[in-house]
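Residue numbers (the working numbering), protein chains in the order written: chain P, 27 to 223; chain S, 396 to 606. Notes follow once the structure below has been shown.
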């Protein structure tokens, strides 16, 4: 996992700030998250707290490679309920929290880079730091872990000006199971500003 | 200049998304109440209908370990607790007997009160910088940490097998019920409602508890 983080840092370093603006695409996105699979069993409520920073360096007219850093907070309060394991039962109101920080090396293909409406599709590989917490009474159980992460995405950039635009993108963060935690995979719907081009 | 505008936009966007980033937690004191029960699955509860129980609730303090006199919970609260336990035991078909020697079980209620003190530097501490006059500086963490304290109470209900002793002469606890919650911000009436609800819950999640 450390190698993945290191790769991301190296890639980020490779595409320093000296490149011309036209070669780069930056974006800040507000991100809404929808948990899937095992994660949905843990917290089913959608997350409206999240954001993503994306950077791509255009290696040719259609392909951009770069990095992505995101953050989402999922939260759900469960009703007063009883949880039983073997002979022990515990009853109370549970508050469940899960913060995710995906870090990825990504590549996108821009189908019509010269157009005002520029759709793209991409993939990413990296890691996701997950901080998982269950609060019950005055007690809290916290589990922090690093997931292996794969992410396909599909989006569009609407170029409102010569170097600035609006980006809308859907991402699926497929965070694999770890020794400590089940999968923490989720779908996001992002909207934000993009600049560069 | 154009570049600056973009960064301002980016920072504004960042601030908006960060706003209210921490989710909610419990709003009311009773939302901290939890009930824990456990039992010996090899023990046969059937055919053992009597129990004995003291008329006071032992307060767990350092006194028990240092050999001082044992303290008891204020009878006003103890009676609420004892009455509710009796009502639940009766509804399960158990009979309270005065003679602890002949009883099948001894139910021993005890309670502990713990005050926790915690301190932290407010995560949003740097916002305080905004309120200083210009030139004063800013983006400082406050000099002093925030200090909070809270008191929790736990009620233990231990049901011990009174007919069998282990080789060291001790009775096995075959059922344990623990009620834990905050002891603050709650009136006496509210305390009674909360403790009654939690004791009832301890019994209702222990369906195996009947003669």
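Beta carbons are placed, not taken as given, at the ideal position from N, Cα and C, and that holds for glycine. If you're wondering where the values come from, they're calculated on a predicted model, not measured in any experiment.
_Rounded Cβ spacing between residue 593 of chain S and residue 574 of chain S (contact assumed at less than 8 Å)_ = 4 Å
*Measure the CB-CB distance between residue 150 of chain P and residue 180 of chain P and report whether it falls below 8 Å.*
no
*State the CB to CB distance for the pair residue 123 of chain P and residue 106 of chain P, rounded to an integer number of angstroms; the pair is presumed to be in contact (CB under 8 Å).*
Not a contact, Cβ separation roughly 18 Å.
*asked:* Give me the chain S residues within the contact set of residue 117 of chain P, using Cβ-Cβ distance strictly less than 7 Å, ordered along the chain.
replied: 429, 430, 596, 600
*Are residue 98 of chain P and residue 126 of chain P close, meaning C-beta to C-beta below 8 Å?*
yes
*Apart from the five residues just before and just after residue 211 of chain P, which ones in its own chain have a Cβ nearer than 7 Å to its Cβ?*
62, 63, 65, 199, 200, 201
*In the DSSP assignment, what are the bridge partners of residue 196 of chain P?*
P:180, P:215
_Does chain P have any CB closer than 8 Å to the CB of residue 468 of chain S?_
no
*For the stretch 113-121 of chain P and the stretch 131-151 of chain P, state whether three or more C-beta atom pairs, one from each stretch, are separated by less than 8 Å.*
no
*If you drop the 5 nearest sequence neighbours on each side, which residues of the same chain put their C-beta closer than 6 Å to that of residue 167 of chain P?*
160
*Can you find a heavy atom of the ligand MG that lies under 7 Å from the Cβ of residue 113 of chain P?*
In the structure on display, the ligand MG does not appear, and there are no ligands present to speak of.
_Is there a Cβ of chain P sitting closer than 8 Å to that of residue 547 of chain S, yes or no?_
yes
*Would residue 432 of chain S pass as a contact of residue 601 of chain S if the rule is Cβ separation under 8 Å?*
yes
*Please classify residue 499 of chain S: is it buried, with 16 or more other beta-carbons within 10 angstroms of its beta-carbon, or exposed?*
buried
*DSSP puts residue 546 of chain S in a beta bridge; with which residues?*
S:510
_residue 470 of chain S, DSSP secondary structure in three states_ = helix
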